[in-house]
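Take a look at the structure below.
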Amino acid sequence: MSSVTSREWRFRSRPVGEPKPSDFELATVESAEPGDGQVQVRNLWMTVDPYMRGRMNEVKSYAPGFELGQAMTGGAVGEVIASRDPGYKPGDLVSSMAGWREAFTAAPAAVGMNKLPAANLPPQAFLGVAGMPGLTAYVGLLKIGEPKPGETVFVSGAAGAVGSIVCQIAKIKGCRVVASAGGKDKVAWLKGIGVDEVIDYKAIEPGPQALSKALRAAAPNGVDVYFDNVGGDHLTAAIDCSNPFARMPICGMISIYNATRPQPGPYNMALIVGRQLKIQGFLVFSHYDMQPAFLKDMGAWISAGKIKYEETVMNGIEKAPDAFLALFSGGNTGKMLVKLS
Ligand code: NAP
Ligand code: FER
Numbered sequence: 342m343s344s345v346t347s348r349e350w351r352f353r354s355r356p357v358g359e360p361k362p363s364d365f366e367l368a369t370v371e372s373a374e375p376g377d378g379q380v381q382v383r384n385l386w387m388t389v390d391p392y393m394r395g396r397m398n399e400v401k402s403y404a405p406g407f408e409l410g411q412a413m414t415g416g417a418v419g420e421v422i423a424s425r426d427p428g429y430k431p432g433d434l435v436s437s438m439a440g441w442r443e444a445f446t447a448a449p450a451a452v453g454m455n456k457l458p459a460a461n462l463p464p465q466a467f468l469g470v471a472g473m474p475g476l477t478a479y480v481g482l483l484k485i486g487e488p489k490p491g492e493t494v495f496v497s498g499a500a501g502a503v504g505s506i507v508c509q510i511a512k513i514k515g516c517r518v519v520a521s522a523g524g525k526d527k528v529a530w531l532k533g534i535g536v537d538e539v540i541d542y543k544a545i546e547p548g549p550q551a552l553s554k555a556l557r558a559a560a561p562n563g564v565d566v567y568f569d570n571v572g573g574d575h576l577t578a579a580i581d582c583s584n585p586f587a588r589m590p591i592c593g594m595i596s597i598y599n600a601t602r603p604q605p606g607p608y609n610m611a612l613i614v615g616r617q618l619k620i621q622g623f624l625v626f627s628h629y630d631m632q633p634a635f636l637k638d639m640g641a642w643i644s645a646g647k648i649k650y651e652e653t654v655m656n657g658i659e660k661a662p663d664a665f666l667a668l669f670s671g672g673n674t675g676k677m678l679v680k681l682s
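Residues in the sequence shown are numbered from 342 upward in steps of one, following the numbering used here.
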C-alpha cells in the first residue's frame, strides 16, 4: 500500500452556452494510502454524459451541481489497489461516481462505490449498455413508452448511447423503428443494427416543417411511441406525426442544453389534446428498482446477439473535456468513453 499520484479535472468556470476546454482545469493530486474503512481505486474508464452540462449551471435540480474549483464527478469503473474495508480487496472491479480522475481513496459510501455485477461483459459496458444509459433506454421505452408489437417507434439521438439501445429493444419487442441521427456513417450503422428507417436530420433541406415531412415519409402509418433525446424540432415533428394515444417518454433535450435564452415549446401542442397523447418526462434515478430485471434481460439480449453496442473511446485523462464537448457536436457513435489505463 502506498500513495499514488493521480490527475483530476476540476470545474474552473461556468459556461455560458457551449462549454469550452478552459472551463476545466487539470490538477495533480496524491491519492493517499487508505485509512480505516477506505478503499483506493485506480480508474480504468470514465464516462462523459450529457446530464453533466446541466450540473455546470447554477440551478437547483434533482442533484447538486458541480462546484467551482472542485473536482468534477461522474461514473467510472476501476480496480481496487488497496483496501481497509472488509467488503473490498485488491483486484476487485468497482463502479463509482469518482470519475474525471485517475485514482482516488475514499470510503465506498462517499463515492457510491459498488462491485461490478458478475457478467460476461467488459468493465466499461457498465458505463454504457449495461449501466445508466442502458437502464435509461429500458425504463423509458418499456415502462413509459409501453410499445406493442407492430407499432411504430420513433427515436431521436438514435446513434447515441441511450438511443441505439432504445432502437434495438424496440425491434426485440416487434416494433417498426424509425430513427433520427446526424450523418451518413450513423445512418449506415443504425441500418446495420436493424433500424427500419433512418432520417439524417443534418441532411434535410431546411424549410417549414422539414423534419415533420421527413418523418411522415419515414413513418407513413404514424408514430405510436416517440423516445425523445433531442427536443426542439424533433419533438414538434413527433407531435405532428403522432397517432391517437401515442406515448412520448421525454428522456432528454440535448438540442437546447447549451441555449443561452429560453427556448419556445412546439407550436403544435394543441394536438396533444385531440390525439390524447401521453408526454412524460422521466429520470433513470427514480427507476433503479428495475435494475435487476434490466441486467437479466440485457445480459441475455447481448449474449443472443440481439443487442449490439458501439463505443467511441478517447484515450487518457487529458482527453476528458474533449470527449464531453464532442457529445454536443455528435462526435460519438454509441457510448462516449474515456480510457484511463
Ligand atoms: P449520446 O446520445 O450518446 O450523445 C449525444 C448525442 O446527441 C450526440 O452524439 C449527437 O448525435 C446528439 N446531438 C447533440 N446535439 C444535438 C442537436 N442539437 N440536435 C440533435 N442531436 C444532437 O448521449 P446519451 O448519453 O445517450 O444521452 C442521450 C439523451 O438522453 C440526452 O438528451 C441525455 O440528456 C438523455 N439522458 C437522460 C437520462 C434520464 O434519466 N432522463 C439518462 C441518460 C441520458 P448526432 O450526431 O445524431 O447529432
Ligand atoms: C440527463 C438529463 C437531465 C440526465 C439527468 C438529468 C441522467 C437530470 C436533470 C435534473 O436533475 O434536473 O441526461 O441523465
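The beta carbon of each residue, even a glycine, is placed where N, CA and C say it ideally should be.
Could you check the C-alpha separation between residue i and residue j for me, to the nearest Å?
i, j, result
"Pro490", "Asn599", "37 Å"
"Ala511", "Pro488", "7 Å"
"Gly593", "Pro549", "24 Å"
"Pro547", "Leu385", "43 Å"
"Gly646", "Glu652", "16 Å"
"Pro356", "Tyr479", "32 Å"
"Trp642", "Gly410", "43 Å"
"Gly563", "Val654", "36 Å"
"Ala611", "Asn584", "14 Å"
"Ala447", "Asp638", "33 Å"
"Leu462", "Thr414", "24 Å"
"Ser402", "Tyr392", "11 Å"
"Phe669", "Arg394", "10 Å"
"Leu636", "Ala471", "7 Å"
"Asp537", "Tyr650", "17 Å"
"Ile545", "Ser596", "16 Å"
"Ile513", "Gly535", "10 Å"
"Ala687", "Gly378", "For the chain, the structure presents residues 342 to 682; residue 687 sits outside this window and is missing."
Leaving out five residues on either side along the sequence, give the residues of the same chain with a beta carbon under 6 Å from the beta carbon of residue i.
i, result
"Gly406", "Arg396"
"Val305", "Because the chain here runs from 342 to 682, residue 305 falls outside it and cannot be looked at."
"Gly622", "Ile591"
"Ala368", "Glu349, Arg351"
"Gly440", "Met387, Gly415, Gly416, Ala417"
"Asp574", "Leu552"
Out of the options, state which residue places its alpha-carbon closest to the alpha-carbon of residue i.
i, options, result
"Ala579", "Ile595, Pro464, Ala555", "Ala555"
"Ala634", "Ala466, Ala664, Gly475, Glu538", "Gly475"
"Ser354", "Phe568, Asn398, Asn570", "Asn398"
"Arg517", "Gly533, Met639, Gly524, Val494", "Val494"
"Gly675", "Ala466, Thr369, Ser347", "Ala466"
"Ala500", "Leu483, Val679, Ile513, Gly469", "Gly469"
"Ala560", "Gly572, Val539, Ala551", "Val539"
"Lys543", "Ser344, Ala587, Leu552", "Leu552"
"Val625", "Ser436, Leu483, Ser344", "Leu483"
"Ser436", "Ile485, Val614, Ile613, Val380", "Val380"
"Gly640", "Ala460, Asp574, Glu659", "Ala460"
"Lys456", "Trp441, Pro427, Thr477", "Pro427"
"Gly533", "Pro458, Ile648, Pro607, Lys680", "Ile648"
"Ser343", "Glu349, Pro360, Gly358, Pro375", "Pro375"
"Met473", "Met631, Asn656, Asn673", "Met631"
Might you give, ordered along the chain, the residues of its own chain that have their beta carbon closer than 8 Å to the beta carbon of residue i, omitting 5 neighbours on each side?
i, result
"Pro362", "Pro662, Asp663, Leu666"
"Ser682", "Arg383, Asn384, Leu385, Glu443"
"Glu492", "Cys516, Arg517, Asp565, Val566"
"Leu618", "Ile580, Ser583, Phe586, Ala587, Arg588, Met589, Leu612"
Using DSSP bridges, identify the partner residues of residue i.
i, result
"Val418", "Trp386, Ser436"
"Gln617", "DSSP lists no partner for Gln617."
"Ser372", "Val345"
"Lys442", "Per the sequence shown, the amino acid found at residue 442 is Arg instead of Lys. In the DSSP output, where bridge partners are listed per residue, Arg442 has Glu349."
"Glu408", "Glu408 is not bridged to any residue."
"Pro590", "Gln621"
"Phe568", "Val496"
"Val519", "Phe495, Glu538"
"Glu366", "Arg351"
"Glu399", "Glu399 is not bridged to any residue."
"Ser682", "Looking at the DSSP assignment, Ser682 forms no beta bridge with any residue, so it has no partner."
"Asn455", "Ser436"
"Glu652", "Lys676"
"Val380", "Ser424, Ala447"
"Gly501", "Gly675"
For residue i, which residues from the same chain have a beta carbon less than 7 Å from its beta carbon, with the 5 sequence-adjacent residues on both sides left out?
i, result
"Gly287", "Past the boundaries of the shown model lies residue 287; the chain is included only from 342 to 682, so the question cannot be answered."
"Lys430", "Val421, Ser424"
"Val614", "none"
For residue i and residue j, which I take to be in contact (beta-carbon distance under 8 Å), what is that distance rounded to the nearest angstrom?
i, j, result
"Met438", "Gly453", "4 Å"
"Glu371", "Thr346", "6 Å"
"Arg348", "Ile658", "5 Å"
"Val571", "Gly486", "Going by Cβ atoms, the distance from Val571 to Gly486 rounds to 16 Å, so no, they are not a contact pair."
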